[in-house]
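Trainee:
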Amino acid sequence: MPKALKMLIEGRVQGVGFRRFIYRNARMLNISGYVKNNPDGKVEVLAIGENEAMADFIKSAKKGPGFAWVYNITYQEIELDNNYDNFEIKF
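Using our numbering, you'd call the opening residue of the sequence shown number 13 and step up by one each time.
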C-alpha cells in the first residue's frame, strides 16, 4: 500500500537543479506528488509511493545533484486530501 510523505529539504537546494533532480528520481521510481521551492530557501516535496521506492527516493534526496548540499531532511507521513497521478514541479 502506498504511503505519502511531506518532506522539507534544507541546505543549498535552490538554484542548483534540485527540483529537476527530484523530479527525475520520482519518475524513475514511480512516485507521484510534487516538488517546489519555498520562500524560506527550503525545498518542499510531497511523495507518494511504495515503501521500497520511498526508501530509495529519500536516499537520493539526501545526496542531491552535484552542486547541492543537503544538511537536513524532515519528513512526516500524512493523510492525502488530494490524488496525484504523476509527479510535477510546482513553480
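Yeah, the Cβ is synthetic: ideal placement off N, Cα and C, and Gly gets one too.
What would DSSP say about Glu62, mapped onto helix, strand or coil?
Mentor: coil
Trainee: Compute the Euclidean distance between the alpha carbons of Glu22 and Asn98, then round it to the nearest angstrom.
Mentor: Cα-Cα distance, rounded: 24 Å.
Trainee: Using the rule of at least 16 other Cβ atoms within 10 Å of the residue's Cβ for burial, across every protein chain shown, is Lys54 buried or exposed?
Mentor: Buried is the call here.
Trainee: Return the chain-ordered list of same chain residues with a C-beta closer than 6 Å to the C-beta of Ile101, the five sequence neighbours on each side being excluded.
Mentor: Arg31, Tyr35 and Val47
Trainee: Rounded to whole angstroms, what is the Cα-Cα separation between Ala65 and Phe33?
Mentor: 16 Å
Trainee: Throw me the rounded Cβ distance for the Ala38 and Ala59 pair, which I believe falls under 8 Å.
Mentor: 7 Å
Trainee: Can you tell me which of the three DSSP states Met13 falls into?
Mentor: Under the three-state reduction of DSSP output, Met13 falls in the coil class, being neither helix nor strand.
Trainee: In three-state terms, what does DSSP make of Asn94?
Mentor: coil
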